[in-house]
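Colleague: Be aware that the sequence shown starts at 563, since it is given in this note's numbering, and climbs by one per residue.
Glycine included, each C-beta is placed from N, C-alpha and C at the ideal position.
Dropping a structure here in structure tokens format, bear with me for questions.
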Amino acid sequence: MRLKTLSVAILAVGLLSGVVGLAPHYSHAAEDAPRFITVLDDLPLVSGLVEDTESGTVFDTARGRIVEVFASGALSKDDVLAFYDNTLPQLGWRRMASGVFQREGERLSLEFSFRPNSATGSAPVLTVGFRLMPSGS
Numbered sequence: 563m564r565l566k567t568l569s570v571a572i573l574a575v576g577l578l579s580g581v582v583g584l585a586p587h588y589s590h591a592a593e594d595a596p597r598f599i600t601v602l603d604d605l606p607l608v609s610g611l612v613e614d615t616e617s618g619t620v621f622d623t624a625r626g627r628i629v630e631v632f633a634s635g636a637l638s639k640d641d642v643l644a645f646y647d648n649t650l651p652q653l654g655w656r657r658m659a660s661g662v663f664q665r666e667g668e669r670l671s672l673e674f675s676f677r678p679n680s681a682t683g684s685a686p687v688l689t690v691g692f693r694l695m696p697s698g699s
């Protein structure tokens, strides 16, 4: 009887090991998934910037929407421009000038400002203003 119980226990452990081996593996990929600006849900937010969700302003007009929102982080202007220069064309935006894009009657402009970082010796904090307007405005 002890042998039968031991055999069943070994079989159960073996089966459970197989089930555990087949269990889906969850990675941190969800953390690496692109984030989008809340008031411009089709505009990705470059990693390293944090959106100021209180800054979002949206107006719908007869000519189209007008949106303004800000995000900040310890990134360089060049890194932000490189991200959007590479990413936005994949989403249908056409680069018109540095930090200026156009798509389907809308114009997106990125404006940059810096402020000192409160941490001593740290890089200044970059604030990016995202402004969307009907093209031709």
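Give the secondary structure of Ala644 by DSSP, where H, G and I count as helix, E and B as strand, and everything else as coil.
Modeller: If DSSP states are grouped into helix, strand and coil, Ala644 belongs with the helices.
Colleague: As a quick exercise: from Val662, Gly698, Val629, pick the residue whose alpha carbon is nearest that of Thr600.
Modeller: Among Val662, Gly698, Val629, the Cα nearest to that of Thr600 is on Val629.
Colleague: State the DSSP-derived secondary structure class of Leu602, mapped to helix, strand or coil.
Modeller: Strand, per DSSP.
Colleague: Sorted by chain position, which residues of the same chain lie with C-beta nearer than 7 angstroms to Leu607's C-beta, five sequence neighbours on each side aside?
Modeller: Here the set comprises Arg597, Phe598, Ile599, Glu613, Ala633.
Colleague: Consult DSSP for Pro696 and reduce its assignment to one of helix, strand or coil.
Modeller: Correct three-state label for Pro696: strand.
Colleague: Identify the continuous beta strand (DSSP E) that holds Gly626 and give its terminal residues.
Modeller: From DSSP, the beta strand (DSSP E) with Gly626 extends over 626–635.
Colleague: Report back the beta-carbon spacing between Phe674 and Leu688 to the nearest angstrom; my notes put them in contact at under 8 angstroms.
Modeller: Correct: roughly 6 angstroms between the Cβ atoms.
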